[in-house]
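Visitor:
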Amino acid sequence: MIRYTDSLDNIGIEHLEGFFEGWQRAVTPQEHLKVLVASQRVLLAIDEETGNVVGFVTAITDGLLTGYIPLLEVLPKYRRKGIGTTLMRRMVEELADLYTVDLICDAELQPFYQRLGMQYAGPGMIIHKDARSLERNK
Ligand SMILES: CC(C)(COP(=O)(O)OP(=O)(O)OC[C@H]1O[C@@H](n2cnc3c(N)ncnc32)[C@H](O)[C@@H]1OP(=O)(O)O)[C@@H](O)C(=O)NCCC(=O)NCCS
330 MIRYTDSLDN
340 IGIEHLEGFF
350 EGWQRAVTPQ
360 EHLKVLVASQ
370 RVLLAIDEET
380 GNVVGFVTAI
390 TDGLLTGYIP
400 LLEVLPKYRR
410 KGIGTTLMRR
420 MVEELADLYT
430 VDLICDAELQ
440 PFYQRLGMQY
450 AGPGMIIHKD
460 ARSLERNK
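In terms of my numbering, the sequence shown opens at residue 330 and continues consecutively.
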């Protein structure tokens, strides 16, 4: 059974293994916990059998007009079971009073977000630390 919560009570680094798959910059469970604590909105999916976090979504917002969803991830073993959809649906509901909510995603995930009521809004811009240092080294 998966439990969804916005509480970080009793969540330690031992419950945060396996995330940030494929990132160029490694993110440790300690850093992950810092990110969760610092984010204004957090939702976690927890496997009740193990107590481990198996999915999460974060948001930052000015509380009135705009919100941004920087991170959504479900552990590979738990994907395609509706967990990502549930996390996003709940987060979008939490941010429903804002004028805009945006995020950046790969093209393959556009249908996933469109099903949640989001619209394509490209082009966008980003400052990306790894990309910047690669550019400088050209
Ligand atoms: C994207 C992600 C959060 C989806 O989580 P999930 O729990 O597997 O999603 P759901 O089970 O709710 O998926 C619902 C539907 O979305 C679509 N979908 C899900 N993941 C997809 C993917 N990687 N590519 C394309 N479509 C996808 C499918 O249509 C899926 O339905 P189906 O399983 O019946 O085919 C998960 O794949 C993930 O953590 N990926 C790595 C991190 C990432 O890309 N995060 C998003 C950053 S923008």
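Don't be surprised by glycine CBs; every beta carbon is placed ideally from N, CA and C.
When burial is assigned at 16 or more other CB atoms within 10 Å of the CB, is residue 368 buried or exposed?
Guide: To locate residue 368, count along the sequence shown from 1; it is residue 39. Under this definition residue 368 is a buried residue.
Visitor: Buried or exposed, going by whether 16 or more other CB atoms sit within 10 Å of the CB of residue 393?
Guide: Residue 393 sits at position 64 when you count from the first residue of the sequence shown. By the neighbour-count rule (16 or more Cβ atoms within 10 Å), residue 393 is not buried but exposed.
Visitor: Kindly indicate which residue of 412, 403, 418 has the alpha-carbon position closest to the one of residue 447.
Guide: Here residue 447 is taken as the residue at index 118 of the sequence shown, counted from 1. Cα-wise, what sits closest to residue 447 is 418.
Visitor: What residue range is occupied by the uninterrupted alpha helix (DSSP H) comprising residue 331?
Guide: The residue you call residue 331 lines up with position 2 of the sequence shown. Note, residue 331: premise wrong, no alpha helix (DSSP H); beta strand (DSSP E) at 331-334.
Visitor: Quick one: residues in its chain with C-beta nearer than 6 Å to the C-beta of residue 413, no 5 flanking neighbours on either side, listed in chain order?
Guide: Within the sequence shown, residue 413 is the residue found at index 84, counting from 1. Cβ within range, chain order: 403.
Visitor: Taking 8 Å as the threshold, find out whether the segment 430-437 comes into contact with the segment 351-362 through three or more Cβ pairs.
Guide: These segments do not touch.
Visitor: On the premise that residue 386 lies in contact with residue 398, defined as a C-beta separation below 8 Å, what is that separation, rounded to the nearest angstrom?
Guide: Residue mapping note: residue 398 aligns to position 69 of the sequence shown, counting from 1. Residue mapping note: residue 386 aligns to position 57 of the sequence shown, counting from 1. About 7 Å; that satisfies the 8 Å criterion.
Visitor: Compare the C-alpha of residue 415 against each of 342, 373, 341 and name the closest.
Guide: One-based indexing of the sequence shown puts residue 415 at position 86. Looking at the Cα atoms, 373 is the closest of the given residues.
Visitor: Look up residue 402 in the DSSP assignment and give the residues it is bridged to.
Guide: The count along the sequence shown starts at 1 and reaches residue 402 at position 73. For residue 402, which the question treats as bridged, DSSP gives the partners 385.
Visitor: Within 10 angstroms of its Cβ, does residue 460 collect 16 or more other Cβ (buried), or is it exposed?
Guide: If you number the sequence shown from 1, residue 460 lands on position 131. Exposed, by the Cβ-count rule.
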